[in-house]
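Enquirer: Going by the numbering used here, the sequence shown opens with residue 4, and the numbers climb by one from there. Glycine included, every Cβ here is placed at the ideal spot set by N, Cα and C. In this text, all values refer to a predicted model and were calculated from it rather than measured experimentally.
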Amino acid sequence: MFKKILIANRGEIAVRVIRACHELGLPAVAVYSDVDRRALHVLRADEAYPIGPAPASESYLNLGRILDAARKSGADAIHPGYGFLSENPQFARACREAGIGFIGPSPEAMECMGSKTRARQQMEKAGVPFVPGTARGMGSVEEAQRVAAELGYPIMLKAASGGGGKGMRWVANRSELASAFDQARSEALRAFGDDEVYLEKAITNPRHVEMQILADEYGNTVYLGERECSLQRRHQKVLEESPSPAVSAEMRQQMGEIAVKAARAANYANAGTIEFLVDANRGFYFLEMNTRLQVEHPVTELVTGYDLVQLQIRIAAGERLPFTQDQIRLRGHAIECRIYAEDPEKDYFPSPGRITDLAEPSGPGIRLDSGIYSGWNVPLEYDPLLAKLIVYGEDRTQTMARLGRALSEYFIAGVKTNLGLFRRILDHQDFVSGKTDTGLLARLTVEAQNGTSSDAQLATIAAGVFTALNAPSGNSAARNGAGKDLGQPNSQASPWKKVARSEALG
Ligand code: MV4
């Protein structure tokens with residue numbers, strides 16, 4: 004086993020990894036930028052090293068400074084968390100060359116899945132179904148037009164180096180293709196330094212369902228069930244759950260076996276996620292592989308009972324998977340809400356600042372993975388994720404009730420948050436009945452603007468998930484039910500409760 008682990012990250016995920024280290028009896032080393040000197044992950048670590056100024060490019064993305072901190076501290080392994088350097092093969096390789104364990108997959112596996120066209124070629128060889136389209140970049144508009152005509156419109160143009168929606172274009176018909184192709188190419192070049200663009204058949208109102216896998220370095224690979232991740236805004240996930248309301252036991256097994264096949268094709272070791280698009284007929288297609296621990300990993304931890312971060316560390320240290328596929332049992336239901344410092348009045352624009360008051364939920368079925376404390380200043384330089392509220396229950400109904408109760412206990416003051424959004428999701432009939440497709444958040448936004456949806460607006464939404472990307476921000480007071488507690492679930496609390504709460508907090 005490793006002797007000491009450095010966490011090359013910040014915020015709630017750094018705190019999460021520190022907890023796993025401590026449970027394994029290992030000291031944890033934090034790194035921090037100038038604005039994170041007093042961040043929670045620094046307070047919780049056993050040692051902490053400054054790595055530079057606030058901009059991530061000069062601190063959390065600086066390979067040299069992080070490796071220096073590892074050497075100085077005597078850490079013999081690095082956990083990259085998610086984001087930052089977690090999927091950077093150069094970093095994984097630099098760790099290898101420095102004799103420091105990288106807690107994640109090999110640089111070769113990252114490279115194999117890093118290019119979407121390369122990944123699609125691998126999946127084709129392995130017999131993994133992927134969204135119909137090409138497995139190589141399009142050399143010219145003419146070539147794209149030829150292939151698109153064969154596939155049939157609508158189609159999607161995607162950047163081979165892309166992910167998270169950048170360099171992606173929906174093309175409804177032939178007349179739109181030429182300009183969309185040029186746009187996708189230049190956006191891809193700007194964002195990824197690579198203008199390779201390929202083509203997929205477009206799937207309307209898909210669900211995003213992903214399968215968690217774990218693999219050790221001896222060829223043992225298992226799947227740990229799926230996560231439903233369709234509730235997103237601008238390609239940013241808002242709420243995830245496991246199991247998915249759209250996945251039957253039979254479909255889970257098929258999807259799981261295909262995910263294992265995909266991971267094996269990349270010679271994958273450690274924790275990873277296979278993303279699928281699910282169409283209206285519950286057909287599913289490989290989309291991409293995430294070669295890291297994901298933000299939403301806790302929902303899988305709750306329904307499987309396994310600690311994915313501890314398992315990542317043990318696998319990277321050369322241990323074998325301590326269980327086989329048939330020993331894995333899924334039990335109960337888990338929902339995760341991502342609590343962001345965002346202003347619902349300003350179209351969920353990041354809203355950094357000082358946390359002046361904080362009351363956190365607890366009790367049966369509640370897990371809070373938080374990176375904040377009262378008095379701390381949320382910096383504006385990074386992703387505004389404050390905390391993840393993860394709720395567990397014996398079934399979806401109980402979990403929803405617990406989530407509602409937990410939201411009523413949760414109070415964050417000083418920064419605007421998206422907490423109020425989750426009450427509205429919980430109150431929406433489509434969420435309650437499990438119709439958690441990628442259009443739901445857009446429907447919710449439109450309905451909140453008007454009290455209810457007009458036929459014309461519903462037609463706009465039905466036109467495709469892309470409405471979600473461009474939904475008008477509209478009248479924000481109406482959207483959030485007005486009131487001075489805007490964005491907080493506590494807005495229905497009685498006046499004395501509010502007074503009691505603020506006195507207790509003061
Ligand atoms: C698609 C698609 C429809 N058809 N691909 C969005 C992010 C990226 N990871 C993949 N995405 C999509 N790919 C085809 N062929 C629709 C989306 C999409 C989406 C997918 C899952 C959840 C939310 C979404 C929001 C907009 C677009």
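Alpha carbons only, please: which of Pro387, Ser365, Glu339 and Arg267 is nearest the one belonging to Gly130?
Expert: The residue with the shortest Cα to Cα distance from Gly130 is Arg267.
Enquirer: Which residues share a DSSP beta bridge with His211?
Expert: Leu280.
Enquirer: Beta-carbon within less than 6 Å of Ala274's beta-carbon, same chain only, minus the 5 sequence neighbours each way: which residues are those?
Expert: Only Leu217, Leu296, Leu311 and Gln315 meet the Cβ criterion.
Enquirer: Would you report the Cα separation of His431 and Lys438, rounded to the nearest angstrom?
Expert: One C-alpha to the other measures close to 10 Å.
Enquirer: With respect to 7 Å, is the separation between the Cβ of Ala205 and the closest non-hydrogen atom of the ligand MV4 below this value?
Expert: The answer is yes for Ala205.
Enquirer: Roughly how many angstroms separate the alpha carbons of Ser479 and Arg13, rounded to a whole number?
Expert: Note that Ser479 scores a pLDDT of 32, beneath 50, so its modelled location is shaky and nothing firm can be said.
Enquirer: By how many angstroms is the C-alpha of Phe87 removed from the C-alpha of Glu363?
Expert: So the two alpha carbons sit approximately 28 Å from each other.
Enquirer: Please work out which residues of its chain come closer than 6 Å, Cβ to Cβ, to Arg262, disregarding the five sequence neighbours upstream and downstream, and give them in chain order.
Expert: First, the amino acid is wrong: residue 262 is Ala here, not Arg. Cβ within range, chain order: Met214, Ile216, Tyr226 and Ile277.
Enquirer: At a cut-off of 7 Å, would you count Met254 as near the ligand MV4, judging by its Cβ distance to the nearest heavy atom?
Expert: Because no heavy atom of the ligand MV4 lies under 7 Å away, the Cβ of Met254 does not count as near it: no.
Enquirer: Check whether the stretch 40-57 and the stretch 377-385 touch, using three or more Cβ-Cβ pairs below 8 Å as the test.
Expert: Result yes; three or more Cβ-Cβ pairs closer than 8 Å.
Enquirer: Asp79 to Lys7, Cα distance in whole Å?
Expert: Going by the C-alpha atoms only, they are around 6 Å apart.
Enquirer: Do Ser247 and the ligand MV4 come close, with the Cβ less than 7 Å from some heavy atom?
Expert: Outside the cutoff, so no.
Enquirer: For Arg230 and Leu447, I'd like the C-alpha separation in whole angstroms.
Expert: In a straight line, the C-alpha of Arg230 is about 21 Å away from that of Leu447.
Enquirer: Three Cβ pairs or more, each shorter than 8 Å: is that satisfied between the stretch 134-150 and the stretch 193-212?
Expert: Judged by Cβ distances under 8 Å, the stretch 134-150 makes contact with the stretch 193-212, as three or more pairs qualify.
Enquirer: Identify whether Phe2 lies in helix, strand or coil by the three-state DSSP scheme.
Expert: With the chain represented from 4 up to 509, any question about residue 2 goes unanswered, as that position is not in the structure.
Enquirer: Which residue comes first and which comes last in the alpha helix (DSSP H) that contains Met254?
Expert: Per DSSP, Met254 belongs to the alpha helix (DSSP H) from Ala252 to Ala268.
Enquirer: Just the Cα atoms here: how many angstroms apart are Ala269 and Gln125?
Expert: Spanning the two alpha carbons is a distance of roughly 8 Å.
Enquirer: Smallest Cα separation from Ala112: which of Tyr63, Ala265 and Ala23?
Expert: Out of Tyr63, Ala265 and Ala23, Ala265 has the C-alpha closest to the C-alpha of Ala112.
Enquirer: Going by DSSP, name the residue or residues bridged to Asp346.
Expert: Answer is Phe352, bridged to Asp346.
Enquirer: At which residue ranges does the stretch 89-149 contain complete alpha helix (DSSP H) runs of 4 or more residues, listed in the order of the chain?
Expert: Listed in chain order, the complete alpha helix (DSSP H) runs (minimum 4 residues) inside the stretch 89-149 are 92-100, 110-117 and 119-129.
Enquirer: Taking the beta strand (DSSP E) that Pro53 falls in, what are its first and last residues?
Expert: Note, Pro53: beta strand (DSSP E), Glu50 to Gly55.
Enquirer: Looking only at C-alpha atoms, which of Gly84, Gln328, Leu324 and Ala138 sits nearest to Asn293?
Expert: Considering only alpha carbons, the answer is Gly84.
Enquirer: Are there 16 or more other CB atoms within 10 angstroms of the CB of Pro475, so buried, or fewer, so exposed?
Expert: Because Pro475 carries a pLDDT of 32, less than 50, the predicted location of this residue cannot be relied on, and the following value inherits that uncertainty. Exposed: under 16 other Cβ atoms inside 10 Å.
Enquirer: Pull up the distance between the alpha-carbon of Thr359 and that of Gly308, whole angstroms please.
Expert: Near 35 Å, if we compare the C-alpha coordinates of Gly308 and Thr359.
Enquirer: What are the start and end residues of the beta strand (DSSP E) that includes Lys391?
Expert: Start and end: Leu388 to Gly396.
Enquirer: Quick check: Pro212 and Val281, are their CB atoms within less than 8 Å of each other?
Expert: Reading the sequence as shown, one finds Val at residue 212 and not Pro. Yes. Within cutoff.
Enquirer: Using a 10 Å radius around the Cβ and a threshold of 16 neighbouring Cβ atoms, would you call Gly4 buried or exposed?
Expert: Per the sequence shown, the amino acid found at residue 4 is Met instead of Gly. Result: exposed.
Enquirer: Would the beta-carbon of Gly170 fall within 8 Å of that of Ala187?
Expert: A contact, by the Cβ cut-off of 8 Å.
Enquirer: So, for Ser36: in the same chain, excluding its five sequence neighbours on each side, which residues have a beta-carbon less than 7 Å away from its beta-carbon?
Expert: Counting only Cβ-Cβ distances below 7 Å, and skipping sequence neighbours, we find Ile54, Gly55, Pro56, Ala57, Ser62 and Tyr63.
Enquirer: Alpha carbon to alpha carbon, how far is Gly321 from Ala183? Give it in angstroms, no decimals.
Expert: Approximately 47 Å, taken between the alpha carbons.
Enquirer: Kindly indicate if chain B contains any beta-carbon less than 8 Å away from that of Val38.
Expert: The chain labelled as chain B is not found in the depicted structure, where only one protein chain is given.
Enquirer: Could you compute how far the alpha carbon of Arg323 sits from the alpha carbon of Lys391?
Expert: Approximately 30 Å between the Cα atoms of the pair.
Enquirer: Quick one: is the Cβ of Leu280 within less than 7 Å of any heavy atom of the ligand MV4?
Expert: Leu280 Cβ: within cutoff of the ligand MV4.
Enquirer: Measuring straight from C-alpha to C-alpha, what distance separates Ala101 and Phe414?
Expert: Distance between the alpha carbons of Ala101 and Phe414: 45 Å.
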